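Every letter in the first sequence is one number past the one before it in our numbering, and letter 49, counting from 1, is 74. Here a beta-carbon is modelled for each residue, glycine too, at the ideal position from N, C-alpha and C. These figures come from a predicted structure and were not determined experimentally.
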Amino acid sequence: MPELPEVETVKRALYKIVIGAKITDLYIGEKKLRIAFPKNLKKILIGRTFKKPFRRAKYCIIPIGNLEYLVFHLGMSGKIRILNDKPSPSKHDHFIISMDNNYHILFNDTRRFGFVDLIKGNLEKNKNFIKIGPEPLSEKFEKKYLFNRIHNKQQKIKNILLDQSVVAGLGNIYVNEILFHSCISPKRQGRNISLNKCEIIVNSTKLIIKKAIRAGGTTIKDHIQPDGNLGYFKFNLKVYSKTNKNCVNCNSLIKEVMISSRASFYCPKCQR
DNA sequence: ATCATCCCCTGATGGC
DNA sequence: TGCCATCAGGGGATGA
26 MPELPEVETV
36 KRALYKIVIG
46 AKITDLYIGE
56 KKLRIAFPKN
66 LKKILIGRTF
76 KKPFRRAKYC
86 IIPIGNLEYL
96 VFHLGMSGKI
106 RILNDKPSPS
116 KHDHFIISMD
126 NNYHILFNDT
136 RRFGFVDLIK
146 GNLEKNKNFI
156 KIGPEPLSEK
166 FEKKYLFNRI
176 HNKQQKIKNI
186 LLDQSVVAGL
196 GNIYVNEILF
206 HSCISPKRQG
216 RNISLNKCEI
226 IVNSTKLIIK
236 KAIRAGGTTI
246 KDHIQPDGNL
256 GYFKFNLKVY
266 SKTNKNCVNC
276 NSLIKEVMIS
286 SRASFYCPKC
296 QR
């Protein structure tokens, strides 16, 4: 599910309820997620107080002390719910945090590609973060940077933008939408993209990511906001999963092709 | 180094 | 109805 806007939505929901809250209880499921839960996680967390949560790429991070962080990654199907009543864990519920303000954070993940981890020390030097590129909404993500990163690449632009070391947080839905907005074919090689086109890609990225965050992300199947609402950006999708629908600009039929075994959608007339 | 492919896992869907 | 193959928002390991 979750790309940057979905994780940002989760972070904002947590921000409203975790700051200053003390952890009173923890449930940890039997099954291993992408990585095992840290040893003694329960012992370490109970009694600790959350500080301000933040997001980096597709990771949601809550500091629990000086240079100590609780880190979530939602993988493909991970969901965070915020509940007023203590839930009894049902299928695919892997992690529940109870706090002294009577809120409960539930981590549910059908496919278990997500994980929960504890990180100590400088986050940006941690193995999960050290290679991650600039945030798309930061000033560091600008046309010259992008041009430098792609102008000698043999890869298709679709794959380049999915590469977290080039730009952080984009996934399959938003890359498809960004390339449509940029009028660039997903099959175009990185080295065939000019500086001017890079500016267009950068601007489209910022615009679409901002709009998606405002909408609470995109619900295709799994994603829901932590309060149970849908991600309303699904009503703004122009190409993703629109195979054989009409292009909103030129009325041509939207095409679907597989690029590196991931579905890619584009308008063959608008995107070159 | 760079790039494509496979794999982790569960569930939904569609063809036969 | 059942069975099988394919696909899904991610990303790490592998090997050419």
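Looking at the DSSP output, E93 sits in a beta bridge with G90, K145. Note on geometry: alpha-carbon atoms of N271 and R213 lie some 22 angstroms from one another.
DSSP places Y170 inside the alpha helix (DSSP H), whose first and last residues are 168-175. The alpha-carbon separation between L131 and I203 amounts to approximately 32 angstroms. Comparing alpha carbon positions, the residue from I284, V264, Q250 closest to G103 is Q250. Taking 8 angstroms as the cut-off, the Cβ atoms of I234 and L29 count as close. Annotation for Y265: no beta strand (DSSP E) segment contains it, and DSSP assigns it neither H nor E.
Residue pairing by DSSP places G103 opposite D134 in a beta bridge.
Taken through DSSP and simplified to helix, strand or coil, N228 comes out as helix. For L51, the enclosing beta strand (DSSP E) stretches over residues 48-53.
Under the DSSP definition of a beta bridge, A193 lacks any partner.
In its chain, beyond the 5 residues on either side, no residue has a beta carbon closer than 6 angstroms to the beta carbon of E55.
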